[in-house]
Each structure stands twice: as structure tokens, then as C-alpha cells.
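S.K.: Below is a structure I'd like to ask you about.
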Amino acid sequence: MSPRGPVVVIDTNVWISGMLTRSGAPAQLIRQVVRQGRPVLTPETFAELKQRLWLPKFDRYVSIEDRRRLLHETDTAALWIDVSPQIAKQAFCRDADDDKFIHAALASNADWLVTGDKDLLVLSETLMASGVRIVSPPDAMQLPEFNLRT
């Protein structure tokens, strides 16, 4: 854990859920990580967030201004890292597109990878030996590292 709090890779689905439901577990977790920890971004994870956030299906739920604000605040708060080719070539997930989040966690020595994606959550025990701890937003809220009750 960094002196500032937990270093956390947040999956795209959690960022989007947090924006859509501002009182839910994903939104609470994001606020806490931005306030007291460090969210990790790579060019690949940020590109996916931007691409998904601008999908037309979100137009009626989230204003353009709110999306721009989220991207700016995320970019500003993030610990930006580059994934080495050695890490990037490793395959972990059934859905290879999800590997970028594990790669980010490994490259940054993140304390946690927070996701709602079942393809990532099932790898929790397998990846613990590599130092990657994977947890869902509701489960993360129960952990002392996130101190979400304050």
C-alpha cells in the first residue's frame, strides 16, 4: 500500500457503474480510491474507458459534461503506468480483452483489482500467488484498506 492508501486497478465496468448509480458500491469505492488511494491507469485501460463512456446508450443517463468531468478527474488522479512487453504477453483470462486489467495490476504492484466481471473474479485465487488480489465493489467495501465507512 502506498503512503496515500491503496493502489487500485478499477475495471471499466466499475467506472461506468459508478457514474450511472452514484450512491452504489462502485461509486462509493471510486470516491474513496480517488480521495485516499491511487487508481491505476494504463493507456489501454483508459482508452477502453473513453470508448465505452461515449457509447450512445449512455446519452440519456449521463451528460456530456459529466463524462468529460469523469475522464478529466480520472486522468488527474491516476497513477499512470506502462505495462512491459514481458507482462503484456501473459494470458490469464478466458476473455483476452480482460487481461489488460491484470497486466495493469501486475505492472503497478497494485494492492487490489476491483471488478464486477466474473471472468476476472474467478481468477482471484489463481492470481493471489502473483500478488494480485481481485475483489468486487461490494466486497471491497468490507475491507479495512478502503475505509469506506468514514
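Residues in the sequence shown are numbered from 1327 upward in steps of one, following the numbering used here. The beta-carbon is built from N, C-alpha and C at its ideal position, and this holds for glycine as well. Here the structure is a predicted model, which is why all the values come from computation and not from measurement.
#1: Any contact between the stretch 1407-1427 and the stretch 1378-1385? By contact I mean 3 or more CB pairs, one from each, below 8 Å.
#2: Checking 7 Å against the spacing of the C-beta atoms, do residue 1469 and residue 1460 come in under that value?
#3: Could you check if residue 1454 is buried or exposed, using at least 16 other CB atoms within 10 Å of its CB as the buried criterion?
#4: Where residue 1385 and residue 1394 are concerned, what is the direct C-alpha to C-alpha distance, given to the nearest angstrom?
#5: From the DSSP output, read off the bridge partner residues of residue 1438.
#6: Using the DSSP secondary-structure output, state which residues sit across from residue 1365 in a beta bridge.
#7: Please list, in chain order, all residues of the same chain as residue 1363 whose beta carbon is under 7 Å from its beta carbon, the five residues on each side excluded.
M.R.: The answer reads as follows:
#1: Contact between the stretch 1407-1427 and the stretch 1378-1385 is absent, because fewer than three Cβ pairs lie under 8 Å.
#2: Stepping through the sequence shown from its first residue, residue 1469 is reached at position 143. Stepping through the sequence shown from its first residue, residue 1460 is reached at position 134. Taking 7 Å as the Cβ cut-off, residue 1469 and residue 1460 do not qualify as a contacting pair.
#3: If you number the sequence shown from 1, residue 1454 lands on position 128. Exposure of residue 1454 is indicated by the presence of fewer than 16 other C-beta atoms within 10 angstroms of its C-beta.
#4: Here residue 1385 is taken as the residue at index 59 of the sequence shown, counted from 1. Here residue 1394 is taken as the residue at index 68 of the sequence shown, counted from 1. Roughly 13 Å between the two C-alpha positions.
#5: Numbered from its first residue, the sequence shown carries residue 1438 at position 112. In DSSP, residue 1438 forms a bridge with 1334.
#6: Numbered from 1 along the sequence shown, position 39 holds the residue referred to as residue 1365. DSSP output for residue 1365 lists 1334 as bridge partner(s).
#7: Here residue 1363 is taken as the residue at index 37 of the sequence shown, counted from 1. Closer than 7 Å at the Cβ level, and outside the excluded window around residue 1363, lie 1330, 1331, 1332, 1333, 1334.
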